[in-house]
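Since the structure comes first, as structure tokens, the remarks are kept for the end.
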Amino acid sequence: MITNHSRAATRGVTRPATRAATRAEVCVAACADAWRGDGEIIASPMGTIPTLGARLARATGEPDLVLTDGLAYVVDGDVPLGTSSEALTVEGWLPYRTVLDALAGGRRHVMMGPVQIDAYGNANISCIGDWNRPARQLLGARGAPGNSVNHATSYWVSRHAPRVFTERVDVVCGVGNDRAAALPGPAARFHDLRRVVTNLCVFDFDTLDGRMRLACVHPGVTVDDVLAATGFEPLVDAAEVPTTRTPDAAELHLIREVLDPASLRDREVTA
Amino acid sequence: MSHVRQVTDKRMTADEAVAQIADGMTVGIGGWGSRRKPMALVRALLRSPVKELTIVSYGGPDVGLLCAAGKARKVVYGFVSLDSIPLEPHFRAARESGAVEALELDEGMFLAGLRAAALRLPFMPVRAGIGSDVLRNAPALRTIADPYGSGDEVVAMPPLGLDVALVHANLADRRGNAALTGPDPYFDDLFCQAAKAAYVSAERIVPTCDLLDEAGCVHALTIHRHLTAGVVEAPYGAHFTECLPQYGRDETFQRAYAQAAADPERWAAFTERFLGAPDEPAYQRAVEDAK
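So, in structure tokens, the structure goes:
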């Protein structure tokens, strides 16, 4: 009897090689790495790829991360994006009031999506133009001011462009390193900017003056590509800028088969 | 001489509730974004002649509608959003045309302001806001140094005192107790305590003796009658925002709302068809007919 398996074997097909990581998948892993070492804190990702990143981090090296369903439930379980809370293990209740108090307690690391961000990591989600008569009203400050002065803060930019990475932002919502340094006494002691992940690269703030440094470029992206898409001059080390790591086979399996089988990540970043 | 115990029955119509609101008052609105907004009360406000209001809200279509109708002189907010549609079109238009004054706060500053008002304190310390342009754009706000000498400095958030609060609950009784049975109670109880008078609309009014059973859990009974002045039965009263667990957001209707808002002619037609209804039941019938 010829089984499907043996038929495949006769054609020399054993197991399909894992497809190379897409740009979106590199971004997911880079976001996941933002939460590495955080331990048992609330991870608050905003956007599809940061959400996948936080879930990937918890599914791999950071099993104690606390994640919510984006609403009021703390939930556990490696499940596809969009799974209803009823299908998850609810391990806690985190309504907005508790979030606003918890964030002031500091055990949280948020990844927000700025409309504009400058070299010091000042971030704007409020409006474009003069605040008194904006050319374009956006969401409002939301929780960005409080998040940025209370606990670890990273950012995610799905479309790296000069209009996002600006020399100055129109409204400082998320507080950058220069603004934090100018605060009196210990007022900024909980301010902790970590990294900015984009569809092209990762920036960190590992510099003497708190400006952004190009930490790595994604596979297929050059330093010049990044500089051309950035409206200010980030620090670029004289030595070669490393390439962002690609997710390993286990991570790709988690992303593709477990966390995002519908490939929602491709709607946010295409290769 | 006999004493008859007669408890206060606070039931009223939405129009009777908003008749208590006068020109220039500060009105706090519960819910969050496009979630469990007291829309029946907002619609009554749109029908009323009242104007020049200061609206205090974690904003959604409540803010948009009041801006579009010219009822709002000033908006106090942390954000204004329709959730599934990130930006509120009427609010955007009002900000971009300069039609409304704005006090934009961090969400935690907003909470601190509600708490200061609810607790009758001159201010509430909060770290959120320091270093940001929220303070630059609201020059009346002050920071305060730690009086105990640590050198720390925080925002001294003044009270967001409300003349009137409007909130929507899942259940209420005629005395003005109410239950919030969905996943997030937001800040509705604080809005009520921060206000001189609070009006609660509810999906259903039930006898007090049934309130706990119907709510399912005593933790849901968070709106207390000593803080409420009126209670309005308003089935689907949060429409088109969500009111969990009874119903989700009417996304089709919300899309139609947002699309109509982009065009004056379509907005006029939308207004006539839905908001021109003489009362809440007529609105609900118009929504049904549109399905």
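Residue numbers (my numbering), protein chains in the order written: chain A, -1 to 269; chain B, 2 to 292.
Glycine included, every Cβ here is placed at the ideal spot set by N, Cα and C.
Check, Outcome
"Segments of 4+ residues assigned as alpha helix (DSSP H) that fall wholly inside the stretch 28 to 62 of chain A", "46 to 57"
"Close beta carbons around R265 (chain A), own chain, < 8 Å, minus the five adjacent residues each side", "T46"
"The stretch 245 to 260 of chain B contacting the stretch 209 to 226 of chain B, beta-carbon criterion three pairs below 8 Å", "no"
"Assigned secondary structure, E97 (chain B) (DSSP; H/G/I helix, E/B strand, else coil)", "helix"
"Cβ-Cβ separation, V207 (chain B) to L213 (chain B) (assumed contact under 8 Å), whole Å", "Contact doesn't hold; Cβ gap of about 10 Å is too wide."
"Residue of B:I145, B:A20 and B:R6 minimising C-alpha distance to A198 (chain B)", "B:A20"
"Exposure label - G119 (chain A); buried when at least 16 CB within 10 Å", "buried"
"C-alpha distance - E1 (chain B) paired with Y59 (chain B), whole-angstrom precision", "The question about residue 1 (chain B) has no answer here: the residues shown for chain B are numbered 2 through 292."
"Touching by the beta-carbon criterion (3+ pairs, under 8 Å), the stretch 84 to 93 of chain B and the stretch 129 to 137 of chain B", "no"
"Under 7 Å (Cβ pairs) to chain A, residues found in the stretch 123 to 138 of chain B", "R128, A129, G130, I131, G132, S133, D134, V135 and N138"
"Limits of the beta strand (DSSP E) - the one that V165 (chain B) falls within", "L163 to A173"
"Burial state of P132 (chain A) (16 or more Cβ within 10 Å)", "buried"
"Cβ-Cβ distance between E108 (chain B) and R140 (chain A) below 8 Å", "yes"
"C-alpha distance - A85 (chain A) paired with Y94 (chain A), whole-angstrom precision", "22 Å"
"Residues near L198 (chain A) by beta carbon distance below 8 Å, same chain, minus five either side", "H158, V215, H216, V219, D223, V224 and A227"
"Three-state secondary structure (DSSP) of Q7 (chain B)", "coil"
"Under 9 Å (Cβ pairs) to chain A, residues found in the stretch 81 to 107 of chain B", "V81, S82, P87, L88, E89, F92, R93, A94, A95, R96, E97, S98, G99, A103, E105, L106 and D107"
"Exposure label - S151 (chain B); buried when at least 16 CB within 10 Å", "exposed"
"Three-pair Cβ contact test at 8 Å for the stretch 28 to 38 of chain B versus the stretch 237 to 247 of chain B", "yes"
"Assumed close pair A157 (chain B), P126 (chain B) - CB separation to whole angstroms, cut-off 8 Å", "6 Å"
"Interface flag, P184 (chain A) vs chain B, CB-CB below 8 Å", "yes"
"Members of the stretch 274 to 289 of chain B near chain A, C-beta cut-off 8 Å", "none"
"Below-8 Å beta-carbon distance, S156 (chain A) vs any chain B residue", "no"
"Chain A contact residues for W33 (chain B), given Cβ-Cβ distances below 7 Å", "Y94"
"Validate contact between the stretch 194 to 212 of chain A and the stretch 244 to 260 of chain A using beta carbons, cut 8 Å, 3 pairs", "no"
"Pair within 8 Å by beta-carbon distance, E60 (chain A) and V72 (chain A)", "no"
"Integer-rounded CB distance, given that V165 (chain B) should sit under 8 Å from A203 (chain B)", "Not quite, the Cβ-Cβ distance comes to about 17 Å (not below 8 Å), so this is no contact."
"Beta carbon of N175 (chain A) nearer than 8 Å to that of F201 (chain A)", "no"
"Residues bridged to P159 (chain B) [DSSP beta-bridge criterion]", "Beta-bridge pairing links P159 (chain B) to no other residue."
"Span of the beta strand (DSSP E) around P126 (chain B)", "M125 to V127"
"V147 (chain A) vs A186 (chain A) beta-carbon contact at 8 Å", "yes"
"Contacts that E252 (chain B) makes with chain A (C-beta to C-beta distance below 7 Å)", "Simply none; closest approach about 15 Å."
"Under 9 Å by beta carbon: chain A residues contacting S151 (chain B)", "G183 and P184"
"Own chain, CB closer than 7 Å to G138 (chain A), minus 5 neighbours either side, in chain order", "S124"
"Closer than 8 Å to chain A by CB, D185 (chain B)", "yes"
"Alpha-carbon to alpha-carbon, L54 (chain A) and T52 (chain B)", "Per the sequence shown, residue 52 (chain B) should be read as Lys rather than Thr. K52 (chain B) and L54 (chain A): Cα-Cα distance of roughly 51 Å."
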